[in-house]
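Protein chains in written order, with our numbering: chain D, 7 to 208; chain C, 22 to 448; chain X, -3 to 738.
Please read the structure below before turning to the comments.
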Ligand SMILES: Cc1cc2nc3c(=O)[nH]c(=O)nc-3n(C[C@H](O)[C@H](O)[C@H](O)COP(=O)(O)O)c2cc1C
Ligand code: SF4
Ligand code: FES
């Protein structure tokens, strides 16, 4: 067991406790590895196999099933653009194009400075009323039109944590501002009409 | 409807910080749980739910009380799972509840857990829902402090711990047996039913899997009574329902309305209708898996039975609207690629067939279509749907088969022209 | 079938108009087979749990809205099934078309061509034309998965039989399904080979040419092969096998296949294969082979096998005609007896001989008049042991054991397929208690205590109360006590054997059925033991023979299939013995290290060219027919021995050996006690090494390894790269102590 995993002993014990059977802990342990390292390394696989009394092959078999576990290093911020139906209708293509230009990378790649990884997912991110949508390390950016995306990228570069940029799920008519959105300088998003008009134009 | 409908599940969202325990309590929160554990037996809670005629909001519309009644009484531990894997294209209602009204969901879980005597409850939370995870963890911690969750709930003999289990990006884990495999530490591969989870679920023990919104209905059923609930909406599909409306409407969003509200009313009165001059081309009434409806179906009552009669399904009630400028081939391709990507890969027809369909659609979309492709596309749905272990395969061809039915001409001309006939694609 | 007992409880099903009665719970696919209806399958395999993933077996059942998979649907009384309905036909075509869209169709260069289930079923049920307009998904080809297996990802149809085998049967879980959707593939853990002792079974399970043999690769086409039913002779389990020859050359060894498989298997080629010599009950009849049995066959046609007798000590030997060689042996024997008495002749080895040949070896000793004869070539003490009540242990049924106790060297290294049966029992819930130098891996409950030599006796005694209590809790269980039978060299056999007999007695007293099994370290030690290739009255055992020879007390040392330099625990003693003995004869397949040091080498024939009676570790005899005519290199051991006997006998005609057809009894406890000798006074050899506290000295335990030794594997090109280099295994705690890191 690596020193890292030896250090996590208590955390691991807490995770194991949640489940009547040991193997159930595999997903939280993989999440744990990924949170700390940004991806799941081979030594994490081996450590988890040992903890759960599985073979490394079994751990890899499970890990490879799920799209969110990454087996290669990622950028500090992973930008995940939804490209399911509602977002495609709402301008996802334009959003991807914009990010490709701004970041100079193709989907799946990381910027040379190691800051951003661009991902395009076919999975609907469950924010269809806010299309086009992306996530930064799992935090939502609703109505991600170019101006807003630029503001978000700039804030991230300044070191603003993505959590404080996050948009919450809303009811129609509710103000779309994040709780402390003002401080991040993103401001309320554009209307759906604006967003889709933009998507169409691109 | 005699009494005007008031939102139940989303009441207060946008006005109040319901994710704060005190705020939730101030709105009568956890009173239903208090009532249940102090004044009702588990059987009484179960009866109330059965009488309310609540039907599952996860997609199949199965009566919740009936589902619970299948649990065998054999002393084995029982598990309760809240299905919060919401990944159905066009569906974003559970996320709203989880992020904005988490205590309602927690209270619902505790009520269900009390009713069925669960040994432990799990929330299988979609991996992408990081914000919801943070909100839930905080809410759970607060609820535990207050004695709503954990040992000896509100001083009663009832104990139940809730564990949040995060998924990691796999639509198929929303399917209940895929979810169970995943929660057991495996690949999220569905398995053959029977045995049903009620008899052999998590770790082979009796298990109930209920959707977030289903569980969120429980507090109001317990506090206001089954009769009240049953009186809302369609008699055979009663209760409040959140419709997630997206696509070509002017005010997309979640609308909580009685089940059975006509589709036309949802789209035009609530979601703001279409942009001026546009016409409805196709509507998926129940998420990306549901076959499309067209203008002729706009008066369908949005409840489980009526939508099924119209040839589609209410599913998750994620309503996706396409208007006359949208390309049917592109929409079919986007969905086919999604389902092909989400196939767990076990069943040949699903793994190979959906991928084949997606490739052919992409080629047609890009202008490389050939007349024989139409024949291939037509032959695929009946060789995929209903031929596999789980219904993902059916879902994967829902849009394709229904759109071939209504828009054959458009497919054909896309093939002959080598491009889309729709406005947006005409330069 | 209604005449079968208990027919009243059976259910009746009609399949394509044919009615059968089957026990409830029978799967439709099996019921159809009994009705003589062929339902095509890919993922289904009668020896694996049903998976229901390929969807090839969909059939129509009356009153059911959807087609159902015949491989996962149990019959219900009155079911009416159609396998010919147009909807069924269409789906069969559809599934085949789906499987073929990304299949490379490289049948002409595929090893499986001609015996491929995909090929055959496509021929029988497939679509006429391909409608694919897009390119095929490209994947990796010729991936070297492990020492013996090559994977072609493009050919794989993801039936998962291999993966299910690896988990359900082998309990190794090295081979897994990875990724998902169209990217799904079969693989091992990143950077790890597919490497255990049973990997070859996946080749046979694979319905297509995705998993193929590195040894057999591109060497023959199935239709050129002539199959012969036979038995593996490489360990004492003697699994039934099928040998596939082409022009008299052995091309591959495969399992004979359970009879039901020939019906499921592709029609055509497969049906032409022969049936095994007899139905083998239990796990041996399941057709799982170990990789040694499956892949270690190229020694048979090795150019290193000598053409004829060789004379002269050292590596440079002179060829000698057979008659002259035999005369020289007889002359040496006569001379030794005349000048030094019969006890100057000693015979060692014979644990690889057929029972008849072993019997002739004993006749030879008797003809000479020497009691110094012993088949044991390592520190093996006994090759069998009856339980205290006199019961001879039976190997079949081990897979359904209620309790397994393992003593000594790892079972998988000595009798691999027996170990597979233990895995099965363990998976089904039987606790496994293991006392030995290495911690084995079994699914389920494993209790292991490290033990060397006589320590195992203490461990057994420590467990006895617990096991007795366990036995008392469930009356009528079946215990399998499996002992490596070793400990002759350090004298620990007496202690360990004694403790084992005690434990067996206790379990029998609790009403349990006890099977004591001794796998033995030679494939035919059981036959040699039964034939009496053991010290006669006043005779020396192998160690004694070597000691006396080293003192110069032996004139003729006759070694049969005994490469003592590489099997006997004390190599320097063997060297000394060989050096001091004036005439050493070695009868063996190859010029082994020991043969090189002999005065005369009499080349023998491999079992496949001899035939005779095999005796399994549990005493069950089998008739092995020669699968091949002798190839002129060497003579059958029996023939050599007969020729010598004929020359020695006054009337020139040796006696005919008895025939073995009934199961042989195991050594009675008292007889075994005589063989394992008195308990050693000192504890097992302990090597204290300086630098470590005296209370925790280093102990060195030699380990038995399946691919080690100087026998066939040493002369097999397929194994050259996979014989393990000299290795020392350290307990993690010891490694830490010594400061050794990975
Ligand atoms: C492919 C597929 C995906 C599904 N995804 C979800 C989901 O994300 N959330 C959900 O609650 N139910 C989902 N379901 C339905 C579940 O299998 C199950 O029926 C539901 O959770 C039961 O809850 P209910 O009775 O409360 O509706 C899905 C079903 C299928 C076939
Ligand atoms: S239908 Fe598709 S998703 Fe469902 S079990 Fe089969 S392969 Fe997996
Ligand atoms: S043989 Fe039945 S599904 Fe594969």
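Note that the Cβ used here is the ideal one computed from N, Cα and C, for glycine as well.
Query raised in the report: ligand 2 heavy atoms versus the CB of residue 46 of chain X: any closer than 6 Å?
Result: On the third chain, residue 46 of chain X is found 50 positions in, with the first residue counted as 1. The nearest non-hydrogen atom of ligand 2 is 6 Å or more from the C-beta of residue 46 of chain X.
Query - residue 174 of chain X - partner residues in DSSP beta bridges - result: Taking the third chain and counting its residues from 1, the one referred to as residue 174 of chain X is at position 178. Residue pairing by DSSP places residue 174 of chain X opposite X:181 in a beta bridge.
Requested in this report: Give the range of the alpha helix (DSSP H) segment to which residue 247 of chain X is assigned.
Outcome: Along the third chain, one-based indexing puts residue 247 of chain X at 251. Not the alpha helix (DSSP H): residue 247 of chain X falls in the beta strand (DSSP E), residues 245 to 250.
Query raised in the report: chain D partners of residue 732 of chain X, CB-CB under 7 Å?
Result: One-based indexing of the third chain puts residue 732 of chain X at position 736. Neighbours of residue 732 of chain X on chain D: none; closest Cβ ~13 Å, over 7 Å.
Query - Sequence ranges, alpha helix (DSSP H) only - wholly within the region 67 to 148 of chain D, length at least 4 - result: You should have 91 to 95 and 98 to 109.
Query raised in the report: Got a sec? Which residues, its chain only, sit under 8 Å from residue 333 of chain X by beta carbon, not counting five neighbours each side?
Result: As a working note, residue 333 of chain X is residue 337 in the third chain. Excluding positions up to five away in sequence, the list reads 340, 341, 364 and 365.
Query raised in the report: Which residues mark the beginning and the end of the beta strand (DSSP E) in which residue 441 of chain C is found?
Result: Sequence index remark: in the second chain, residue 441 of chain C carries index 420 (1-based). DSSP places residue 441 of chain C outside any beta strand (DSSP E), giving it a letter other than H or E.
Requested in this report: Would you decide whether residue 636 of chain X is buried or exposed? Buried here means 16 or more other CB atoms lie within 10 Å of its CB.
Outcome: The sequence position of residue 636 of chain X within the third chain is 640, counting from 1. So residue 636 of chain X counts as buried.
Requested in this report: Could you name the residues that DSSP lists as bridge partners for residue 52 of chain C?
Outcome: Taking the second chain and counting its residues from 1, one reaches residue 52 of chain C at position 31. Looking at the DSSP assignment, residue 52 of chain C forms no beta bridge with any residue, so it has no partner.
Report task. Could you spell out where the alpha helix (DSSP H) holding residue 197 of chain X opens and where it closes? Result -> Taking the third chain and counting its residues from 1, the one referred to as residue 197 of chain X is at position 201. Where residue 197 of chain X is concerned, the enclosing alpha helix (DSSP H) stretches over 197 to 201.
**Report entry** C-alpha distance - residue 159 of chain X paired with residue 479 of chain X, whole-angstrom precision
**Finding:** As a first step, residue 159 of chain X is located in the third chain; it is residue number 163 there, counting from the start. As a first step, residue 479 of chain X is located in the third chain; it is residue number 483 there, counting from the start. Annotation: residue 159 of chain X to residue 479 of chain X spans about 31 Å, alpha carbon to alpha carbon.
Query - Distance, residue 120 of chain C Cα to residue 379 of chain C Cα - result: As a first step, residue 379 of chain C must be located in the second chain, where it is residue number 358. As a first step, residue 120 of chain C must be located in the second chain, where it is residue number 99. Near 34 Å, if we compare the C-alpha coordinates of residue 120 of chain C and residue 379 of chain C.
**Report entry** Touch test, the region 447 to 463 of chain X against the region 494 to 505 of chain X, Cβ-Cβ under 8 Å, three pairs minimum
**Finding:** Touching, yes, given that three or more Cβ pairs across the two stretches are closer than 8 Å.
Report task. Would you mind telling me which residues of chain X sit closer than 7 Å to residue 451 of chain C, beta carbon to beta carbon, in chain order? Result -> Past the edges of chain C, shown from 22 to 448, lies residue 451 of chain C, and the structure says nothing about it.
**Report entry** Residue environment, residue 124 of chain C, which counts as buried when at least 16 other CB atoms sit within 10 Å
**Finding:** On the second chain, residue 124 of chain C is found 103 positions in, with the first residue counted as 1. Under this definition residue 124 of chain C is a buried residue.
Query - Chain-order list of residues whose beta-carbon lies under 6 Å from that of residue 78 of chain C (same chain, five-residue window excluded) - result: In the second chain, residue 78 of chain C corresponds to position 57, counting from 1. 232, 234 and 235.
Requested in this report: Jot down the residue ranges of each uninterrupted alpha helix (DSSP H) in the region 573 to 620 of chain X, minimum 4 residues, whole runs only, in chain order.
Outcome: Qualifying alpha helix (DSSP H) stretches, in chain order: 589 to 592.
**Report entry** Chain-ordered neighbours of residue 37 of chain D on chain C, where CB pairs are closer than 9 Å
**Finding:** Indexing the first chain from 1 puts residue 37 of chain D at position 31. Result: 148, 187 and 189.
**Report entry** Whole-angstrom distance between residue 420 of chain X and residue 466 of chain X, CA atom to CA atom
**Finding:** Residue 466 of chain X sits at position 470 when you count from the first residue of the third chain. Residue 420 of chain X sits at position 424 when you count from the first residue of the third chain. Those two C-alpha atoms are separated by around 20 Å.
Query raised in the report: Taking only runs of the alpha helix (DSSP H) that begin and end inside the region 450 to 520 of chain X, which ones reach a length of at least 4 residues, in chain order?
Result: The region 450 to 520 of chain X contains these whole alpha helix (DSSP H) runs: 451 to 469 and 488 to 505.
Requested in this report: Determine the direct distance from the alpha carbon of residue 315 of chain C to that of residue 47 of chain C, and round the result to whole angstroms.
Outcome: For the purposes of this step, residue 47 of chain C is taken as the residue at position 26 of the second chain. For the purposes of this step, residue 315 of chain C is taken as the residue at position 294 of the second chain. Their Cα atoms are separated by approximately 44 Å.
Query raised in the report: Does ligand 2 have even one heavy atom less than 6 Å from the beta-carbon of residue 193 of chain C?
Result: Along the second chain, one-based indexing puts residue 193 of chain C at 172. At least one heavy atom of ligand 2 is nearer than 6 Å to the Cβ of residue 193 of chain C, so yes.
Query raised in the report: Three-state secondary structure (DSSP) at residue 100 of chain X?
Result: As a position in the third chain, residue 100 of chain X is number 104, starting the count at 1. Coil, per DSSP.
Report task. With 7 Å as the threshold, decide whether the Cβ of residue 30 of chain D is near any Cβ in chain X. Result -> By one-based count along the first chain, residue 30 of chain D stands at place 24. For residue 30 of chain D, the answer is no, since every Cβ of chain X falls outside 7 Å of its Cβ.
**Report entry** Extent of the continuous alpha helix (DSSP H) to which residue 151 of chain C belongs
**Finding:** What you label residue 151 of chain C is simply residue 130 of the second chain in a count that begins at 1. Here the alpha helix (DSSP H) through residue 151 of chain C covers 151 to 166.
Query raised in the report: According to DSSP, what are the bridge partners of residue 430 of chain X?
Result: Here residue 430 of chain X refers to the residue found at position 434 when the third chain is read from its first residue. Note: residue 430 of chain X is bridge-paired with X:402 and X:444 in the DSSP secondary-structure output.
Query - Residue from D:56, D:16 and D:65 whose Cα sits closest to the Cα of residue 185 of chain X - result: As a position in the third chain, residue 185 of chain X is number 189, starting the count at 1. Among D:56, D:16 and D:65, the Cα nearest to that of residue 185 of chain X is on D:65.
**Report entry** Sequence-distant residues of its chain with Cβ nearer than 6 Å to residue 185 of chain D (five each side left out)
**Finding:** By 1-based counting over the first chain, the position of residue 185 of chain D is 179. At residue 185 of chain D the pLDDT is 45, less than 50, meaning the model places this residue with poor confidence; the figure from the coordinates comes in the next sentence. Excluding its 5 nearest sequence neighbours in each direction, residue 185 of chain D has no C-beta neighbour in its own chain below 6 Å.
Report task. Select from X:644, X:316, X:622 and X:392 the residue whose C-alpha is nearest the C-alpha of residue 616 of chain X. Result -> Counting from one through the third chain, the residue named residue 616 of chain X turns up at place 620. Ranked by Cα distance from residue 616 of chain X, the options X:644, X:316, X:622 and X:392 are led by X:392.
Query - Buried or exposed by the 16-neighbour rule on C-beta atoms within 10 Å, applied to residue 75 of chain X - result: Numbered from 1 along the third chain, position 79 holds the residue referred to as residue 75 of chain X. Result: buried.
Report task. Identify each residue in the region 102 to 124 of chain C for which the Cβ-Cβ distance to at least one residue of chain D is less than 9 Å, and report them in chain order. Result -> From the region 102 to 124 of chain C, only 107, 108, 109, 110, 111, 112, 113, 114, 115, 116, 117, 118, 119, 120 and 121 have a Cβ closer than 9 Å to chain D.
Query raised in the report: Near residue 394 of chain X, what residues of its chain come up, given a Cβ to Cβ distance below 6 Å and the 5 sequence neighbours on each side ignored?
Result: Position 398 of the third chain holds residue 394 of chain X. Closer than 6 Å at the Cβ level, and outside the excluded window around residue 394 of chain X, lie 417 and 476.
Query raised in the report: Looking at the structure shown, is residue 182 of chain C part of a helix, part of a strand, or coil, going by DSSP?
Result: Here residue 182 of chain C is taken as the residue at index 161 of the second chain, counted from 1. The answer is coil: DSSP assigns residue 182 of chain C none of H, G, I, E or B.
Requested in this report: Go through its chain and collect everything with a Cβ distance to residue 305 of chain C's Cβ below 6 Å, but skip five positions before and after it.
Outcome: Counted from its first residue, the second chain places residue 305 of chain C at position 284. Take residue 305 of chain C, set aside five residues on each side of it, and the residues of its chain with a beta-carbon closer than 6 Å to its own are 311, 313 and 341, in chain order.
**Report entry** Best match in X:227, X:610 and X:167 for proximity to residue 211 of chain D [C-alpha to C-alpha]
**Finding:** In the structure as shown, chain D begins at 7 and stops at 208. Residue 211 of chain D is therefore absent and cannot be evaluated.
Query raised in the report: Can you name, in chain order, every residue of its own chain whose Cβ lies under 8 Å from the Cβ of residue 238 of chain D, other than the five neighbours on each side?
Result: Because chain D is modelled from 7 through 208, residue 238 of chain D falls outside the range shown and cannot be assessed.
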